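Participant: Before anything else, here's the structure in question.
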Amino acid sequence: MTYQAQYEKSIQQPELFWAEKAADIPWYTKPSQILGKDEFGTDRWFIDGELNTCYAAVDYHVENGRGDQIAVYYDSPVTGVKKSITYKELQTEIATFAGGLAAKGVGKGDRVIIYMPMVSEALVAMLACARLGAVHSVVFGGFAPHELAVRIDDAKPKAIISASCGIEIQKVIPYKAMLDKAIELAEHKPDFCVLLQRPQEKAELIEGRDYDWQSLVAGAEPVDCVSVKATDPLYILYTSGTTGKPKGVVRDNGGHAVALKYSMKAIYDMNPGEVFMAASDVGWVVGHSYIVYAPLLAGCTTVVYEGKPVRTPDCGAFWRLIEEYKIKAFFTAPTAFRAVKKEDPDGLLLKNYDISSMKNLFLAGERLDPPTFHWLQELVGVPVVDHWWQTETGWAIASNQMGIEPRPAKAGSATVPTPGFDVQILDNKGNQMPAGEQGSVCIKLPMPPGCLATVYGDPQRFQSSYLSTFDGYYLTGDGGYIDEDGYVFIMGRTDDVINVAGHRLSTGEMEEIIASHDGVAECTVIGINDELKGQLPVGLVITKDGYEGDDATLEAELAALVRKEIGAIACYKQTIVVDRLPKTRSGKILRGILRSIADGKSYQVPSTIDDPASLPEIESVMADHNIGVAGKAV
């Protein structure tokens, strides 16, 4: 079927479309009711189906002749350790660890927090929970104790699985002290903890509460997979909320398995036995979906990488991985390649590697700016595919479906809606916007399988956060437009639209223009309060290594660029050169906090921040430019 035929069928006959896709999953009880509603009136998929996600991802492949195929490549340049794990070996590890958890009382419906670095045991822990019907909640390894405590109190886990340490570039990060502090701070106390002892840092165990991973599995009996309902939760993943309290996104078992397996072929053009790599972390949704579950559900080989795009040991790390593991599809965030581009703007290190195995390069997690898109397209010689999705959806809302019908790329666009997602652009009254006009990006209900079922413990928050703004629609919180060819352009969060003298302007559009300057490695544009015009745009820019121009010249050149591309209406004049921008660990720039600093408002440091020290630096630099004084531009 062509893309258009698949898409139309998914929108006009969603139950028939998804019933066909569900046939690709090994169910214990095949669903007869494809779509229904729960007690809160929320759409739910495959209501009477039963399965086990671990069985579908691991045991099923062993039973069908893939036992000796590599399931996981683990590659850790920060420790020098590499290993390959077959599907049969992975099955044994998971079943045994699950047996150890079961012997301590973990069972169906229990919550288990996983607080681990990027090691293969993190996958084992996640899949062992799925095997038991327990609900895992992965918290990014190294999160501050307070933030971990908040999640402990919300999820109320029976157990916490962790490691003695994580390892960054030339730095060991002890986890145990943070874990102990978090448990001390939390009102809820887990029954027990399991610690993976790493040679770089041994942790002291608390007798009666803490158990060594190796000791636990040494005396454990392997256990079989537990049958669960399709609508039973597989995991909780916390995402930042506007109130400061994180939202626990709940993912079910059935819809998740069906959607992710479908996506591996439809979007990523992956077949069983081929190698897929997502350069992310299991603490994020990309890690859940495309390091752990989707590749294994599809019978592929996944790569677990404990390293960075640069300095482990250099910015040729990604090229080395592609060559060494013969990766067919590589997936990471644009910020990772901007870091590579900053250190190697001409891509010279690529010449040292053979990346001919790679057929497609995928980017998501933030908007792929056109300069980075063009740089990559010229460099790698394969399709560079931007796609757009959210923690809440679990897979791509808009994408170029490389396994169905690849389309010509348009810089700045995530291409077209993925089958199942009825994407519409609405004005503030809920009316559809004409092609090319910006508005609020929404998804008409029902959402396809794989999307969040609710907010953990707070179904009312699920309704108020996502479903109450426009009746019959899911609110993505992003602004954008759909052009006359049906291509979706995401211009940033709806609060990234600034109002300059009554004119609504996209900061994303300005960022595109600024990033096209030869001296700019990375940038963001924020709107700051102005008594005369309401708001004015200000650019924060990181220059490329080796750029020799002075700041005043750069500021003048960027102002001229924006004036040329948008017009004097943009009123873009001020550029501030900075050493770094505050980001989340997944690479998103914290624009909301930058706006608060610029407007002299107080702000809360989010749990997801990668480098808290970047904030006082930004405050100081802005103050030097008379920004953040009395909350207005001077």
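Note that the UniProt record's numbering has the sequence shown beginning at 1, numbered continuously upward. Idealized CB from N, CA, C, for every residue including glycine. Quick caveat, the model's predicted, so the values are computed rather than measured.
1. Less than 6 Å between C-beta atoms, sequence neighbours within five positions excluded: which residues of the same chain meet that for Lys9?
2. Since Val282 and Val441 are thought to touch, with beta carbons under 8 Å apart, how far apart are those beta carbons, to the nearest angstrom?
3. Please identify the residue among Met126, Tyr211, Leu350, Lys326 whose C-alpha is closest to the C-alpha of Pro309.
4. Counting only runs that start and end within the stretch 440 to 475, where is the alpha helix (DSSP H) found for 4 or more residues in a row?
5. Could you pull out every unbroken alpha helix (DSSP H) segment of at least 4 residues lying fully inside the stretch 353 to 396, listed in chain order?
6. Please identify the residue among Lys564, Asn352, Gln424 whose C-alpha is closest to the C-alpha of Gly436.
7. Confirm, please, whether the CB-CB distance from Leu127 to Leu90 is below 9 Å.
8. Starting from the C-beta of Glu512, find all residues in its chain whose C-beta is less than 8 Å away, skip the five residues before and the five after it, and write them out in chain order.
9. To the nearest angstrom, how far is the alpha carbon of Leu445 from that of Asp43?
10. Reducing DSSP to helix, strand and coil, say where Val304 ends up.
11. Helix or strand or just coil, what does DSSP make of Cys193?
12. If you compare alpha carbons, which of Leu234, Glu619, Val488 is closest to Cys451?
13. Are Gly287 and Ser280 close, meaning C-beta to C-beta below 9 Å?
14. How many Å lie between Lys533 and Ala336 at the Cα?
15. Report all residues from its chain with a CB closer than 7 Å to the CB of Trp389; omit the five preceding and five following residues, and keep chain order.
16. Which residue or residues does DSSP assign as beta-bridge partners of Pro417?
17. Under a Cβ-count criterion, where at least 16 other Cβ atoms within 10 Å of its own Cβ denotes burial, should His188 be classed as buried or exposed?
18. Please go through the UniProt domain "Acetyl-coenzyme A synthetase N-terminal" (3 to 57) and give each complete alpha helix (DSSP H) segment of 4 or more residues, from N-terminal end onward.
19. Thinking C-alpha only, which one of Met116, Glu324, Pro448 is nearest Val275?
20. For Glu207, does the three-state DSSP call read helix, strand or coil?
21. Tell me, please, whether the stretch 222 to 234 touches the stretch 262 to 273 by the rule of three or more beta-carbon pairs shorter than 8 Å.
22. Can you check DSSP and say which residues form a bridge with Arg111?
23. Quick check on DSSP: helix, strand or coil for Met433?
24. By DSSP's criteria, Gly248 is part of a beta bridge. Which residues make up the other side?
25. Go through the stretch 500 to 582 residue by residue and report every complete run of the beta strand (DSSP E) that reaches 3 residues or more, in order.
26. Label residue 635 either buried or exposed according to how many other C-beta atoms from any shown protein chain fall within 10 Å of its C-beta, with 16 as the threshold for buried.
27. Excluding the 5 residues flanking Lys632 on each side, which residues of the same chain have their C-beta closer than 7 Å to its C-beta?
28. Sorted by chain position, which residues of the same chain lie with C-beta nearer than 6 Å to Pro419's C-beta, five sequence neighbours on each side aside?
29. Using CA atoms only, rank isn't needed, just tell me which of Val577, Pro199, Ser227, Phe143 is closest to Ile214.
30. Determine which residues share a DSSP beta bridge with Ile70 and list them.
31. Taking only the alpha-carbon atoms, compute the straight-line gap between Val78 and Ala266 and give it to the nearest angstrom.
32. Given a threshold of 16 other Cβ atoms within 10 Å of its Cβ, counted over all protein chains shown, does Phe421 qualify as buried or as exposed?
33. Taking DSSP's pairing of strands, which residues face Gln424 in a bridge?
34. Is the separation between the beta-carbon of Ala103 and that of Ile114 shorter than 9 Å?
35. Compute the distance between the beta-carbons of Gly430 and Arg66, then report whether it is under 9 Å.
36. Suppose the cutoff is 8 Å on Cβ atoms and the five residues either side in sequence are ignored; what does the same chain contact list for Arg320 look like?
Facilitator: A quick look at the data gives this:
1. Cβ neighbours of Lys9 within its own chain (closer than 6 Å, five residues either side excluded): Phe17.
2. Wrong, their Cβ atoms sit about 28 Å apart, outside the cutoff.
3. Measuring C-alpha to C-alpha distances from Pro309 to each of Met126, Tyr211, Leu350, Lys326 identifies Leu350 as the nearest.
4. The qualifying runs are 459 to 462.
5. Listed in chain order, they are 370 to 380.
6. It is Gln424 whose Cα lies nearest to the Cα of Gly436.
7. Result yes, Cβ atoms of Leu90 and Leu127 sit closer than 9 Å.
8. Same-chain partners within the cutoff: Asp369, Pro370, Pro371, Gly412.
9. Taking the CA atoms as reference points, Leu445 sits about 8 Å from Asp43.
10. Strand, per DSSP.
11. In this structure, DSSP gives Cys193 an extended state, which the three-state scheme calls strand.
12. Among Leu234, Glu619, Val488, the Cα nearest to that of Cys451 is on Leu234.
13. Taking 9 Å as the cut-off, the beta carbon of Gly287 is found closer than this to the beta carbon of Ser280.
14. One C-alpha to the other measures close to 36 Å.
15. These residues qualify, in order along the chain: Ala364, Trp395, Ala396, Ile397.
16. Pro417 is bridged to Ala398.
17. The residue is exposed, with fewer than 16 neighbouring Cβ atoms inside 10 Å.
18. Annotation note: the UniProt domain "Acetyl-coenzyme A synthetase N-terminal" (3 to 57) contains the following uninterrupted alpha helix (DSSP H) runs of length 4 or greater, listed N- to C-terminal: 3 to 12, 14 to 22.
19. For Val275, the nearest C-alpha among the options comes from Glu324.
20. In this structure, Glu207 counts as coil in the three-state DSSP scheme.
21. Judged by pairs of C-beta atoms under 8 Å, the stretch 222 to 234 does not touch the stretch 262 to 273, as fewer than three such pairs exist.
22. Beta-bridge pairing links Arg111 to Val135.
23. Looking at Met433 - three-state DSSP - the assignment turns out to be coil, as it is neither helix nor strand.
24. The partner list for Gly248 (beta bridge, DSSP) reads Tyr238.
25. Correct list: 503 to 506, 520 to 530, 534 to 543, 574 to 577.
26. The structure shown does not extend to residue 635, since the chain is modelled only from 1 to 634, so the question has no answer here.
27. Note on Lys632: pLDDT 35, under 50, position unreliable in the model; no value is reported.
28. Within the same chain, Gln6, Tyr7, Ser10 come within 6 Å of Pro419 by CB-CB distance, once the 5 residues on both sides are set aside.
29. Note that residue 214 corresponds to Gln in the displayed sequence, not to Ile. That would be Pro199, whose Cα lies nearest to the Cα of Gln214.
30. BP columns for Ile70 point to Thr86.
31. Roughly 34 Å separates the two Cα atoms.
32. Buried, since its Cβ has 16 or more Cβ neighbours within 10 Å.
33. In the DSSP output, where bridge partners are listed per residue, Gln424 has Cys442.
34. Taking 9 Å as the Cβ cut-off, Ala103 and Ile114 do not qualify as a contacting pair.
35. No, Cβ-Cβ distance for Gly430 and Arg66 is not below 9 Å.
36. Setting aside the 5 residues that flank it on each side, Arg320 is surrounded in the same chain by Tyr353, each with a C-beta closer than 8 Å to its C-beta; the list follows chain order.
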